[in-house]
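Residue numbers (this note's numbering): 319 to 387. Ideal placement from N, C-alpha and C gives every residue a C-beta, glycine not left out. The structure presented is a predicted model; accordingly, all values stated were derived computationally and were not measured.
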């Protein structure tokens, strides 16, 4: 399964929201994430971010269904 950078950022953002910044900061350099992801997120529209989130969700579901058999 190939994911775009924006889709990958969506996954990381969802995990960040779910576990919290304090927990993730113990495992990841949040400043580095901001430096790398910031320009990509800032140049994307809200619609593009939403579409990327739905796209990665659809890809993951399709992949899980393929692996079912």
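Through-space distance from residue j to residue i, alpha-carbon basis
i, j, result
"residue 350", "residue 340", "15 angstroms"
"residue 366", "residue 344", "30 angstroms"
"residue 357", "residue 332", "18 angstroms"
"residue 385", "residue 330", "23 angstroms"
Identity of the residue in the options nearest residue i by Cα
i, options, result
"residue 321", "383, 372, 385 and 386", "372"
"residue 391", "366, 334, 323 and 374", "No statement about residue 391 is possible, as the shown extent of the chain runs from 319 to 387 and does not include it."
"residue 323", "361, 342 and 336", "361"
Whole-angstrom C-beta distance between residue j and residue i, which should lie under 8 angstroms
i, j, result
"residue 370", "residue 328", "5 angstroms"
"residue 325", "residue 359", "About 12 angstroms; that fails the 8 angstroms criterion."
Limits of the unbroken alpha helix (DSSP H) element including residue i
i, result
"residue 378", "364-385"
"residue 344", "Looking at the DSSP string, residue 344 is not in any alpha helix (DSSP H), and its letter there is neither H nor E."
"residue 349", "348-361"
Distance cut-off 7 angstroms: residue i Cβ against heavy atoms of the ligand GDP
i, result
"residue 347", "This structure lacks the ligand GDP; in fact it carries no ligand of any kind."
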